[in-house]
Amino acid sequence: MSICKSLSIACLCALGVFVCANVKGIDSWNTYPGGEGAGHGKSIVLISGDEEYRSEEALSQLAKILSTRHGFDCVVLYAIDKDSGEIAPNEQNNIPGLAALRKADVMVIATRFRNLPDEQMKEIDDYLLSGRPVIGMRTATHAFKLSKESPYSHYSFNYKGDREGWTEGFGRLVLGETWISHHGHHKFESTRGIVAPNAQGHPVLRGIEDGDIWGPTDVYGVRLPLPGDSRPLVLGQVLENMDPESPPVQGIQKNGKKNIAKNDPMMPVAWVKSYSVDGGPQGKAFTTTMGASTDMVSEGVRRMLVNACYWAVGLEAEISAELNVDIVGDFKPTMYGFRKGKTAGITPEDLK
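Residue numbers (our numbering): -17 to 334.
What follows is the structure, encoded as structure tokens:
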């Protein structure tokens, strides 16, 4: 076995997530052992797997920031083509390494319409039954689209069955919303983050002011008010174009088949809430409908996500405007858009 692969095994063992995996399985994810920092000793598992927004790029960079600058142990999982071992955003049935959740302190998820096998869904289900914290990004509101035959079909974004509390699936129950709509004009109107009324004192927003958050992704539609104890933190101001300095959309605009006032009211693009699965312990969730890899260029987006991880593990007192959220390494995110190929043409090693 090569020195590189031996080190990979050692890293996974140190994180407590090596579960009888073979060499090919180890190559299917990336591990980032934490250095010094407030997060030392805490483990974060980041789950990518979407066809459009390059979650594999976004979560790999987020993991590098969390591990290098803040001490968190991070594992990044990817949708993998079983034949080639390459990252396969259109592969909806395989995300190896979910056993890492057994020892995780936080789950960060940015999947879209996944139809995972029972043994992989069980790892996610067990995690949520424990009430540990969840951070959902962008398409995580519609993270799953499982077959009706699956024992986990209630996780599906459009679930309408008789499983109590699970109407509209994981997104609605855990994160607070499922897939609703593109509120902004997709690929034409970008998003500026505005601090929600009465949210200024929340720990996730320390060091963040109006306009610090920006992304070329459009605002998602949500239903207002958000359910339960959901607390909006950031509102998404729809901008006229893809320039971060562009003015907000004014008046009534065409949105699909409807004419709506896109900024009156503004849609929440980040919020917190509590959740409980099937009567289990109560956990806390942070959701943002931002989070494409291109959004990670914004310091404000990175700061919000890093702060959210601190908040999730109970390190609120350590959050300050001085937390270092600088990019680690060379980061050139790919513009979002659906991909037609079987794979992305890269392996986890290429992102490490």
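Even glycine gets a Cβ: it sits at the ideal position worked out from N, Cα and C.
- Query: Nearest CA to the CA of residue 188: which residue from 291, 101, 315 and 104?
  - Reply: Of all alpha-carbon atoms in 291, 101, 315 and 104, the one lying nearest the alpha-carbon of residue 188 is that of 291.
- Under 8 Å between the Cβ atoms of residue 278 and residue 74? No. Outside cutoff.
- Message: For a test of the three-state rule: what should DSSP assign to residue 320, helix, strand or coil?
- Response: Looking at residue 320 - three-state DSSP - the assignment turns out to be coil, as it is neither helix nor strand.
- Report back the beta-carbon spacing between residue 202 and residue 162 to the nearest angstrom; my notes put them in contact at under 8 Å. Confirmed, about 7 Å.
- Thinking just about the alpha-carbon of each residue, which of 235, 99 and 72 is nearest to the one in residue 79? Looking from the CA of residue 79, the closest CA among 235, 99 and 72 belongs to 99.
- Query: Taking all protein chains shown into account, do 16 or more other C-beta atoms lie within 10 angstroms of the C-beta of residue 241, making it buried, or fewer, making it exposed?
  - Reply: Under the 10 Å beta carbon count, residue 241 is surrounded by fewer than 16 other beta carbons and is classified as exposed.
- Whole runs of the beta strand (DSSP E) within the stretch 117 to 201, excluding any shorter than 3 residues: Runs found: 173 to 177.
- Query: Would DSSP call residue 243 helix, strand or coil?
  - Reply: Here residue 243 sits in strand by DSSP.
- Query: Is residue 87 near residue 114, with beta carbons less than 8 Å apart?
  - Reply: Note that the C-beta distance between residue 87 and residue 114 is below 8 Å.
- Item | Straight-line gap, residue 106 to residue 269 (C-alpha atoms, nearest Å) | Going from the Cα of residue 106 to the Cα of residue 269 covers about 17 Å.
- Cα separation between residue 183 and residue 247? Rounded to the nearest angstrom, the two C-alpha atoms are 22 Å apart.
- Task: Determine the DSSP secondary structure at residue 264, reduced to helix, strand or coil.
- Result: DSSP places residue 264 in the coil class of the three-state scheme, outside both helix and strand.
- residue 223 versus residue 193: straight-line alpha-carbon distance, rounded: Cα-Cα distance, rounded: 15 Å.
- Item | CB of residue 125 within 8 Å of CB of residue 149, strictly | In this structure, residue 125 sits away from residue 149, with a CB-CB distance that is not shorter than 8 Å.
- Task: Within the same chain, show all residues whose beta-carbon is closer than 6 Å to that of residue 154, passing over the 5 residues directly before and after it, in chain order.
- Result: Correct list, in chain order: 160.
- Query: Any idea what DSSP makes of residue 7, helix, strand or coil?
  - Reply: Residue confidence is low: residue 7 scores 43 on pLDDT, short of 50, so the model does not pin down where it sits. Its coordinate-derived value is still stated next. Here residue 7 sits in helix by DSSP.
- Task: Evaluate contact between the stretch 128 to 148 and the stretch 210 to 228, counting only Cβ atoms and requiring at least three cross-stretch pairs below 8 Å.
- Result: Not touching, per the Cβ criterion.
- Task: Can you say whether residue 51 is buried or exposed, counting buried as having 16 or more other CB atoms within 10 angstroms of its CB?
- Result: Burial call: buried.
- CB contact flag (residue 316, residue 70, <8 Å): Inclusion of residue 316 and residue 70 in the CB contact set at 8 Å is not warranted, their separation being larger than that value.
- Measure how close the beta-carbons of residue 321 and residue 307 come, nearest whole angstrom, since I'm counting them as under 8 Å. Between residue 321 and residue 307 a beta carbon distance of about 28 Å is seen, past the 8 Å cut, so the two are scored as non-contacting.
- Item | Terminal residues of the beta strand (DSSP E) in which residue 208 lies | Per DSSP, residue 208 lies in no beta strand (DSSP E) and is assigned neither H nor E.
- Query: Are residue 156 and residue 215 close, meaning C-beta to C-beta below 8 Å?
  - Reply: No. Outside cutoff.
- Note down the Cα distance separating residue 266 from residue 255, rounded to an integer number of angstroms. Going from the Cα of residue 266 to the Cα of residue 255 covers about 6 Å.
- Query: What is the DSSP secondary structure of residue 331, counted as helix, strand or coil?
  - Reply: Helix at residue 331.
- Buried versus exposed, by CB contacts within 10 Å (16 or more), residue 303: Residue 303 should be labelled exposed.
- Who are the near neighbours of residue 167 in its chain, counting only those whose CB is closer than 7 Å to its CB and skipping five residues on each side? Taking residue 167 as the centre and dropping the five residues before and after it, the same chain places the C-beta of 200 closer than 7 Å to its C-beta, in chain order.
- Item | Rounded C-alpha distance that separates residue 97 from residue 127 | Each residue's Cα considered, the two are about 5 Å apart.
- Query: Quick one: is residue 323 buried, meaning 16 or more other Cβ sit within 10 Å of its Cβ, or exposed?
  - Reply: Exposed.
- Exposed or buried, residue 81, counting other C-beta atoms within 10 Å across all chains shown (16 or more means buried)? Looking at its Cβ environment, which holds 16 or more other Cβ atoms inside 10 Å, residue 81 is buried.
- Going straight from the alpha carbon of residue 311 to that of residue 330, what length do you get? Rounded to whole angstroms, the separation of the alpha carbons of residue 330 and residue 311 is 16 Å.
- Item | residue 102 - containing alpha helix (DSSP H), residue span | Run containing residue 102: 100 to 111, per the alpha helix (DSSP H) assignment.
- Query: What's the C-alpha gap between residue 7 and residue 327?
  - Reply: Any answer about residue 7 is weak, because its pLDDT of 43 lies below 50 and its placement is not dependable; what the coordinates show is given next. In a straight line, the C-alpha of residue 7 is about 18 Å away from that of residue 327.
- Message: For residue 231 and residue 217, which I take to be in contact (beta-carbon distance under 8 Å), what is that distance rounded to the nearest angstrom?
- Response: Distance from residue 231 to residue 217 at the Cβ level is roughly 14 Å; contact not present, criterion being Cβ atoms closer than 8 Å.
- Item | Pick from 332, 318, 333 and 334 that is closest to residue 35, judged by C-alpha positions | Looking from the CA of residue 35, the closest CA among 332, 318, 333 and 334 belongs to 318.
- Message: Check for me: the alpha helix (DSSP H) holding residue 301 runs from which residue to which?
- Response: Element bounds for residue 301: n/a, residue is neither H nor E.
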